[in-house]
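Peer 1: Residue numbers (this note's numbering): 41 to 443.
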Ligand SMILES: Cc1cc2nc3c(=O)[nH]c(=O)nc-3n(C[C@H](O)[C@H](O)[C@H](O)COP(=O)(O)O)c2cc1C
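#1: By how many angstroms is the C-alpha of residue 92 removed from the C-alpha of residue 268?
#2: Measure the Cβ-Cβ separation of residue 404 and residue 396 and say whether it is below 9 Å.
#3: Once DSSP output is grouped into helix, strand and coil, what is the label at residue 343?
#4: Drop a sphere of 10 angstroms on the beta-carbon of residue 200, count the other beta-carbons inside from all chains shown, and report buried for 16 or more, exposed for fewer.
#5: Determine the contact status of residue 282 and residue 221, defining contact as a CB-CB distance below 9 Å.
#6: Can you tell me where the beta strand (DSSP E) with residue 203 in it begins and where it stops?
#7: Rounding to the nearest angstrom, what Cα-Cα distance links residue 398 and residue 89 in this structure?
#8: At a cut-off of 8 Å, would you count residue 382 as near ligand 1, judging by its Cβ distance to the nearest heavy atom?
#9: Could you check the C-alpha separation between residue 227 and residue 277 for me, to the nearest Å?
#10: With burial defined as no fewer than 16 other Cβ atoms inside 10 Å of the residue's Cβ, what is the status of residue 366: buried or exposed?
#11: For the candidate residues 354, 321, 126, 248, whose alpha-carbon lies nearest to that of residue 47?
#12: Based on Cα-Cα distance, which residue from 206, 243, 50, 148 lies nearest to residue 330?
#13: Would residue 388 be called buried (16 or more neighbouring beta carbons within 10 Å of its own) or exposed?
#14: Output the boundary residues of the beta strand (DSSP E) element that contains residue 316.
#15: With DSSP run on the structure shown, which of helix, strand or coil describes residue 122?
#16: Using only alpha-carbon positions, find the residue among 45, 290, 353 that is nearest to residue 121.
#17: Just to check, is the beta-carbon of residue 332 closer than 8 Å to a non-hydrogen atom of ligand 2?
#18: Comparing alpha-carbon positions, which option in 86, 69, 422 lies nearest residue 258?
#19: For residue 78, is the beta carbon positioned less than 8 Å from some heavy atom of ligand 1?
#20: Between which two residues does the alpha helix (DSSP H) containing residue 166 stretch?
#21: Measuring from the CB of residue 284, is there a heavy atom of ligand 1 at a distance below 8 Å?
#22: Rounded to whole angstroms, what's the CA-CA distance from residue 284 to residue 154? Just pull it up for me.
#23: Note down the Cα distance separating residue 64 from residue 286, rounded to an integer number of angstroms.
#24: Using 8 Å as the threshold, is the segment 132-147 in touch with the segment 208-220, meaning 3 or more CB pairs across them?
#25: Residue 249 bridges to which residues according to DSSP?
#26: Please name the residue, chosen from 76, 431, 362, 392, that lies closest to residue 406 on a Cα-to-Cα basis.
#27: I believe residue 36 touches residue 56 by the beta-carbon criterion, under 8 Å. Please report the beta-carbon distance rounded to the nearest angstrom.
#28: For residue 360, count the other beta carbons within 10 Å of its own beta carbon; 16 or more makes it buried, fewer makes it exposed. Which is it?
#29: Using a 10 Å radius around the Cβ and a threshold of 16 neighbouring Cβ atoms, would you call residue 264 buried or exposed?
#30: Taking DSSP's pairing of strands, which residues face residue 273 in a bridge?
#31: Are the Cβ atoms of residue 53 and residue 79 separated by less than 9 Å?
#32: What first and last residue would you give for the alpha helix (DSSP H) that runs through residue 210?
#33: Tell me residue 360's beta-bridge partners as DSSP assigns them.
#34: Going by C-alpha distance, which of 160, 82, 375, 291 is nearest residue 134?
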């Protein structure tokens, strides 16, 4: 089996000593490891430690003045690596990555690298929870990076709080996962819908819903991370437009329907994550309605886009989302049958938890034959679980076709 290549960047945190253990575990997993030691990182641990563990020279200098380094080391490393893991990742390194800086070897290599990026932050609680660090991590996550940890516990300063780098064994597991999935959807076309729709009442008012689009964007980003050719059809959201995929922005359920049905043929997977309005005003007023003019709004049912897409593209794997305030699984399975979907992600809405707008959710995957309940998790994590499941469905379909 081909040796897989891991680029480990070690930055200037006291947790740098744990990176030696991580490098050792990766080598024991038969991975080929090269290390970038930043200027800060070299204040905490010596290159010789990593050279001894990995059997490879450590790279530090963008200008290629170190032993065995070429002037184009950042490009060589970026094309050699299959996964980039920054562990420990300082607040400063995270800020540089988020800013797209390339004034050191890590920044330049990260910009030139197109594979999965993992980040394991390590810092004092206040540095970690500072809005600047939080915003930088959120930006990197939206661009497809995976943030591992940090954990809560005793920090180098002696205080207790969150900011401790995750254990090397957990980071190594995430590296193996990233390698497993890094091109697992290569060559597949995937359509994802996200966000709410707005059904106009008049030029200024609409019937809408509280969907933020976060779940659909996470699903689309994860598919892209796995190498799929992604088309995201998005209702109005306040989220940054993801890069590296085609995005069609729509507003009404009719526009969403037209975009989905136009693009449904030829897709391998269609994930309907958007919260499409069930009803729209029968007629939108041309002028702004005055007070007292719209005591009643006549509504018409919108069309069932998911069911139509399933009929139009019967070979695709169709995935739906169901938000229920009653019994979850029965309703989700009924929806799955009615719409011809292979899997429905069911999530509940209770007085204590409204998944709309939240970073986290708790879901149950419902198929014709069973259901699988997951613990509460971030939407990014749920996106990863969902694609693991969809890949299983794709695999079982292709082996059925072969037999
Ligand atoms: C003793 C010491 C410990 C530090 N530990 C951390 C840390 O755990 N996390 C962090 O984000 N920054 C830490 N810093 C600050 C970084 O080392 C500093 O921001 C540096 O510029 C990071 O450079 P680098 O990201 O290129 O490695 C520490 C600094 C010192 C002097």
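Idealized CB from N, CA, C, for every residue including glycine.
Peer 2: Short version:
#1: 38 Å
#2: In this structure, residue 404 keeps its C-beta atom at 9 Å or more from the C-beta atom of residue 396.
#3: coil
#4: exposed
#5: no
#6: In the DSSP assignment, residue 203 falls within the unbroken beta strand (DSSP E) covering 200-204.
#7: 43 Å
#8: no
#9: 28 Å
#10: exposed
#11: 126
#12: 243
#13: buried
#14: Counting along the chain, residue 316 falls outside any beta strand (DSSP E), and DSSP gives it neither H nor E.
#15: coil
#16: 45
#17: This structure simply doesn't include ligand 2; it includes ligand 1 instead.
#18: 422
#19: Yes, the Cβ of residue 78 comes within 8 Å of a heavy atom of ligand 1.
#20: 165-169
#21: no
#22: So the two alpha carbons sit approximately 10 Å from each other.
#23: 40 Å
#24: no
#25: Answer by DSSP bridge pairing: none, since residue 249 is not bridged.
#26: In terms of Cα proximity to residue 406, the closest of 76, 431, 362, 392 is 362.
#27: No information on residue 36 is available, as it lies outside the stretch 41 to 443 that the chain covers here.
#28: Here residue 360 is buried: its Cβ has 16 or more other Cβ atoms, across all protein chains shown, within 10 Å.
#29: Residue 264 comes out buried.
#30: 233, 288
#31: no
#32: That run of the alpha helix (DSSP H) goes 208-221.
#33: The beta-bridge partner set that DSSP reports for residue 360 consists of 312, 384.
#34: 160
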